[in-house]
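**Q** Numbering (mature numbering (1 follows the signal peptide of the UniProt record, and there is no 0)), first residue to last: -19 to -1, 1 to 126.
The beta carbon of each residue, even a glycine, is placed where N, CA and C say it ideally should be.
All values reported here derive from a predicted model rather than from experimental measurement.
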């Protein structure tokens, strides 16, 4: 009995070390647009942008195919937050140059690598208001592989 318990603990410990325990996600994005309507999104899945050759993450909500969020740290243009517009083939993109009241986006490589993909962690706190458009985001994520 003792041996099987130790084996189970070692197995669970190795899953945690490899990122198998899952992503750590929290927060919400809310958009209210006169042109495209209002929607909210609470991410349940995050994927490292390294799969698509960019430094950042894609955040999605399980079961929702229309309202994904992409956070990117571009070496030339800096941080950006892109939000898919549900039911449209369009996205809203916000950068530090967008003159938002709050634009606090941070991404960093974690210390875990799974299948040659580094985990990404960070946060995005954004508040943008313009005539006919309001974007509020408070997102935290880690372990995104």
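According to DSSP, simplified to helix, strand and coil, what is residue 2?
**A** Along the chain shown, one-based indexing puts residue 2 at 21. Because the pLDDT at residue 2 is just 47, under 50, the model does not fix this residue reliably, and the point stays unresolved.
**Q** Does the Cβ of residue 34 have 16 or more other Cβ atoms within 10 Å, making it buried, or fewer, making it exposed?
**A** Taking the first residue of the chain shown as position 1, residue 34 is located at position 53. By the neighbour-count rule (16 or more Cβ atoms within 10 Å), residue 34 is not buried but exposed.
**Q** What do you get for residue 2, buried or exposed, if any count of 16 or more other CB atoms within 10 angstroms of its CB means buried?
**A** Against the chain shown, residue 2 aligns to sequence position 21. Residue placement at residue 2 is poorly supported in this model, since its pLDDT is 47, which falls under 50; the coordinates are not used for a value here.
**Q** Does DSSP classify residue 104 as helix, strand or coil?
**A** Looking up residue 104 in the chain shown gives position 123. Here residue 104 sits in strand by DSSP.
**Q** By how many angstroms is the C-alpha of residue 125 removed from the C-alpha of residue 71?
**A** On the chain shown, position 90 is the one that residue 71 refers to. On the chain shown, position 144 is the one that residue 125 refers to. Between residue 71 and residue 125, the C-alpha separation is close to 24 Å.
**Q** Using alpha carbons as the reference points, say which of 107, 24, 32 lies closest to residue 76.
**A** Residue mapping note: residue 76 aligns to position 95 of the chain shown, counting from 1. If we check each option's Cα against that of residue 76, 107 comes out closest.
**Q** Determine the extent of the beta strand (DSSP E) in which residue 81 is found, giving its start and end residues.
**A** Locating residue 81 in the chain shown gives position 100, where the first residue counts as 1. First-last for residue 81: undefined, no H or E at that position.
**Q** Assess, as a yes-or-no matter, whether the segment 59 to 73 is touched by the segment 90 to 101 under the definition of 3 or more beta carbon pairs within less than 8 Å.
**A** no
**Q** With distances taken Cα to Cα, identify the nearest neighbour of residue 17 among 114, 120, 123.
**A** Residue mapping note: residue 17 aligns to position 36 of the chain shown, counting from 1. Cα-wise, what sits closest to residue 17 is 114.
**Q** In three-state terms, what does DSSP make of residue 89?
**A** Your numbering for residue 89 matches position 108 in the chain shown. Looking at residue 89 - three-state DSSP - the assignment turns out to be strand.
**Q** Are residue 27 and residue 87 close, meaning C-beta to C-beta below 7 Å?
**A** As a working note, residue 27 is residue 46 in the chain shown. As a working note, residue 87 is residue 106 in the chain shown. Between residue 27 and residue 87, the gap from beta carbon to beta carbon reaches 7 Å or more.
**Q** Measuring only the C-alpha atoms, how far is residue 59 from residue 118?
**A** Here residue 59 refers to the residue found at position 78 when the chain shown is read from its first residue. Here residue 118 refers to the residue found at position 137 when the chain shown is read from its first residue. Straight-line Cα distance between these residues: approximately 18 Å.
**Q** Helix, strand or coil, according to DSSP, for residue 132 in the structure here?
**A** Outside the shown range of the chain, which is -19 to 126, sits residue 132, and nothing can be said about it.
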